[in-house]
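A short worksheet on the structure shown next.
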Amino acid sequence: MIGAVAFMTSCSKNYGYQFENGTGSVGYNDSTGLEIDTAMDRIDASKFTAAQIYPGMVTPLQPRIKDTILNIDLNYQTATASDLRVSVLPSNWISTGLWAPAGELIKIVIPEGIYGLTVQVGSHTDNLTGKEVLQRDPVIVIRRTLYPGVNYVRNLYGGLIYILPQRPLGQVLPISFSGVCAGANFVLGQTTDEEWRQMISKTSVPFFEIIGKRIAFTLPKANLSLVSIPSPTALMQKWDSLIKAVYYDWYGLSDNNPDVKNRSPYLPWRIVFDIQPSVGAMHSGDPIVAGQTSGYFYQAVTIGQLEQSNWGVFHEIGHNMQMHSTWTFSNNGEVTCNLFSLKKSSIYNYIPGPLNDGWYGTGGQTPGAASFLALDSSAKDWSVLTNLGQFYPRMAIYAQIFEKYGYGFMTYLATAARNARFTSIDNQSKIDFFYERLSEYTQTDMYRFMREWGLKVSQTSRNAVAAKGYRKLMTNVWMYNPITNTGGDQPLAPRVQFGNGAPGTSLGWTVSSITNVRGGTNGTYNASYDAKNLLDGDINTIWHSCFNGCYSGISSTGTAPNNGSTSAALYPFNAVVKTGNAPVKADGFYIVQRQNGNSNHMDAITIAISADGNSWNTLGTFPLKTAANSSSTEALTKQFIDLPAPVTFQYFRFTWNVPPGEANGNRNSAFAEMGAFYY
Ligand SMILES: [Zn+2]
2 MIGAVAFMTS
12 CSKNYGYQFE
22 NGTGSVGYND
32 STGLEIDTAM
42 DRIDASKFTA
52 AQIYPGMVTP
62 LQPRIKDTIL
72 NIDLNYQTAT
82 ASDLRVSVLP
92 SNWISTGLWA
102 PAGELIKIVI
112 PEGIYGLTVQ
122 VGSHTDNLTG
132 KEVLQRDPVI
142 VIRRTLYPGV
152 NYVRNLYGGL
162 IYILPQRPLG
172 QVLPISFSGV
182 CAGANFVLGQ
192 TTDEEWRQMI
202 SKTSVPFFEI
212 IGKRIAFTLP
222 KANLSLVSIP
232 SPTALMQKWD
242 SLIKAVYYDW
252 YGLSDNNPDV
262 KNRSPYLPWR
272 IVFDIQPSVG
282 AMHSGDPIVA
292 GQTSGYFYQA
302 VTIGQLEQSN
312 WGVFHEIGHN
322 MQMHSTWTFS
332 NNGEVTCNLF
342 SLKKSSIYNY
352 IPGPLNDGWY
362 GTGGQTPGAA
372 SFLALDSSAK
382 DWSVLTNLGQ
392 FYPRMAIYAQ
402 IFEKYGYGFM
412 TYLATAARNA
422 RFTSIDNQSK
432 IDFFYERLSE
442 YTQTDMYRFM
452 REWGLKVSQT
462 SRNAVAAKGY
472 RKLMTNVWMY
482 NPITNTGGDQ
492 PLAPRVQFGN
502 GAPGTSLGWT
512 VSSITNVRGG
522 TNGTYNASYD
532 AKNLLDGDIN
542 TIWHSCFNGC
552 YSGISSTGTA
562 PNNGSTSAAL
572 YPFNAVVKTG
582 NAPVKADGFY
592 IVQRQNGNSN
602 HMDAITIAIS
612 ADGNSWNTLG
622 TFPLKTAANS
632 SSTEALTKQF
642 IDLPAPVTFQ
652 YFRFTWNVPP
662 GEANGNRNSA
672 FAEMGAFYY
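In the numbering used here, each residue carries its 1-based index in the sequence shown increased by 1.
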């Protein structure tokens, strides 16, 4: 200290202000040798009033323990939330079961050579700074780094004492505490019910903990006068088994799995009851914080309640376990956190009230899923909240899948998500991820199901699923009622082709433009190649491009069949259909390759639509089956192109490039039918 003082005085400067030099000239002593910091009989009572209000104080007669060595188990496994691709995992609070009295200095002795430990005094980590109405002081928890040897810590509010290791130390560490009070923590497997009752009856520590392997509650002792806990052993065994069944097993996680991303969390979830949570009545995070109400207390400590009515704790752990980076697409934030409650209800065989309300639109959940699903598919949009209620109606899509196809879908989905080699970069890729896994799991192309829930699947994803060759969805599963387990078994209405497959003749549709038309010898009209053959519903008649003898006149129906060009054109080619005098709404398009001769089968078409034939909106490029890439049955059948959502247009255009196996200069294109359909 002497050197420091000398240094400070030696570099004093004239700043233009007249003030007294505070470093040394007034003769301050340094604090070395003073004992005020470590005099344990000196109590800082400055926050007694606030501490008495919250978290509460021990009585003056409560014995202060001296030089008690606890063996703290700092041997555990770590994983990060990003390892499991979830939101939050339990962190490293290791309970001691001890209480630091308000304003009193406590002494903690750490063995030599042990670094990386922090002590936390207090459980209520929510920071209420800035809240207008306060039921307790905003910050009542402290954390201090612990060093080898003697450490002194004081929290003016008092609180339960936790050791927070930076990382697992791989050992049971003897730590000595002085000036602390014995609380009444119950630890499953270590404390008997009778021992816990004795501890509770003897302590005035205002909070106690019941700690299982997978979940731990920090609870106000005062509530025990309203609701008793007959057997904390039975209670925590039940909690542990439910957390394992509902979260870990269902997500495909297991204890001690050699692959960290598939391993169950090792440390327990923390649920801390607080007189004033920083947000809401209960919130997720680490710890989960629950309002200190008798209702929540009753739900937490009553076995029948946690099997059934306890929604909140399962909801908040559900938030922590949400997989936002892979498959939880938008407007699911308050939805996929509840799926674990669906799983729980399947174990105990009841219908959760929120699911019932969500389906029928009762309890303010308007509109309910049932009325949404009965809408015309074009009116459905998952992302519009007023369209599909807020939270509970949306649960029904998952309930339908679980009830109809099995709860194992979640295991499949979550496992695939954790092991995916990418993160979904936007909402569309999350919807696609979900759709592809659902189709894989059900071995069915679930496109129609997604669409009837107002979820748009990308064309890339549709193609990926189509390539797997799954069967089409055969029934209207989206009308399956997950409350009564009925419905959803009506055969799906097939695609309805405009004009019954022959719109040109029955609806007044015309080919309003086509690249060119092959004529007869010397460019004379030849009905065998007329563009109207594309609309006649006869798969054996074709349009053919001209490679010589281009015909530029009008067809026998009097419509202009081509662009007037009399010379062969280069690719890309295109064909435009006008849908009569009115726009139509369609769910997709179809095309039929030529049946006689397959050298010029087209392997892809780009489809665009237009209201006026001038400005075009391109819908995408769609692969086609050809004799070269598929069986001849597949290549020659009518090929349907389902769109992610219906479209309205009066003109549609197919554009294609050189058919594989053709040289561009050959200008040799032909096909049999083109059209559109709706459901
Ligand atoms: Zn929530």
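Here a beta-carbon is modelled for each residue, glycine too, at the ideal position from N, C-alpha and C.
Fair warning: this is a prediction, and the values are worked out from it, not measured in the lab.
Cβ-based neighbour list, residue i, same chain, cut-off 8 Å, excluding 5 preceding and 5 following
i: residue 113; result: 149, 150
i: residue 356; result: 343, 346, 393, 396, 397, 400, 483, 484
i: residue 382; result: 388, 389, 455
Closest Cα partner of residue i within the set the options
i: residue 124; options: 56, 332, 69, 181; result: 56
i: residue 657; options: 616, 649, 644, 570; result: 570
i: residue 539; options: 133, 643, 675; result: 675
i: residue 100; options: 462, 513, 161, 663; result: 161
i: residue 488; options: 413, 545, 535, 401; result: 401
i: residue 272; options: 584, 213, 622; result: 213
i: residue 477; options: 394, 524, 375; result: 375
i: residue 277; options: 408, 166, 141, 198; result: 141
i: residue 348; options: 250, 281, 421; result: 250
i: residue 514; options: 461, 654, 470; result: 654
i: residue 613; options: 591, 359, 639, 585; result: 585
i: residue 258; options: 521, 525, 78, 282; result: 78
i: residue 331; options: 51, 455, 351; result: 455
i: residue 254; options: 583, 42, 418, 521; result: 418
i: residue 572; options: 460, 552, 546; result: 546
i: residue 171; options: 43, 117, 196; result: 117
i: residue 615; options: 595, 651, 634, 597; result: 651
Contact set for residue i: own chain, Cβ-Cβ below 7 Å, skip 5 residues either direction
i: residue 451; result: 436, 458
i: residue 644; result: 588, 589, 620
i: residue 475; result: 492, 493
i: residue 248; result: 318, 322, 341
i: residue 447; result: 436, 439, 440, 474
i: residue 133; result: none
i: residue 667; result: 548
i: residue 54; result: 137
i: residue 310; result: 300
i: residue 224; result: 295, 298
i: residue 405; result: 478, 481, 489
i: residue 358; result: 364, 366, 393
Cβ neighbour criterion (16 or more within 10 Å) applied to residue i
i: residue 603; result: buried
i: residue 464; result: exposed
i: residue 442; result: buried
i: residue 453; result: buried
i: residue 266; result: buried
i: residue 491; result: exposed
i: residue 87; result: buried
i: residue 516; result: buried
i: residue 256; result: exposed
i: residue 83; result: exposed
i: residue 121; result: buried
i: residue 610; result: buried
i: residue 42; result: exposed
i: residue 462; result: buried
C-beta contact flag for residue i and residue j at 8 Å
i: residue 105; j: residue 137; result: no
i: residue 48; j: residue 103; result: yes
i: residue 672; j: residue 543; result: yes
i: residue 239; j: residue 307; result: yes
i: residue 649; j: residue 636; result: no
i: residue 678; j: residue 498; result: yes
i: residue 1; j: residue 410; result: Because the chain in this structure spans residues 2 to 680, residue 1 falls outside the shown range and cannot be described.
i: residue 205; j: residue 163; result: no
i: residue 670; j: residue 660; result: yes
i: residue 107; j: residue 184; result: no
i: residue 316; j: residue 339; result: yes
Cut-off 6 Å between Cβ atoms - residues of its own chain near residue i, not counting five sequence neighbours on either side
i: residue 110; result: 151, 177
i: residue 146; result: 119
i: residue 93; result: 165, 166
i: residue 232; result: 194
i: residue 337; result: 323, 329
is_contact[residue i, chain D] using C-beta, thresh 8 Å
i: residue 102; result: Any reference to chain D falls outside this structure, which holds one protein chain only.
- [ ] Identify every run of the beta strand (DSSP E) within the stretch 444-530, keeping only runs that are complete inside it and at least 3 residues long; order them along the chain.
- [x] 511-515
- Item | Residue ranges of each alpha helix (DSSP H) within the stretch 362-442, 4 or longer | Restricting attention to alpha helix (DSSP H) runs no shorter than 4 residues, the stretch 362-442 encloses them at 370-374, 396-406, 409-420, ordered along the chain.
- Which full runs of the alpha helix (DSSP H) of 4+ residues lie inside the stretch 286-347, going along the chain? 295-302, 304-308, 313-321
Which full runs of the alpha helix (DSSP H) of 4+ residues lie inside the stretch 221-270, going along the chain? 233-244
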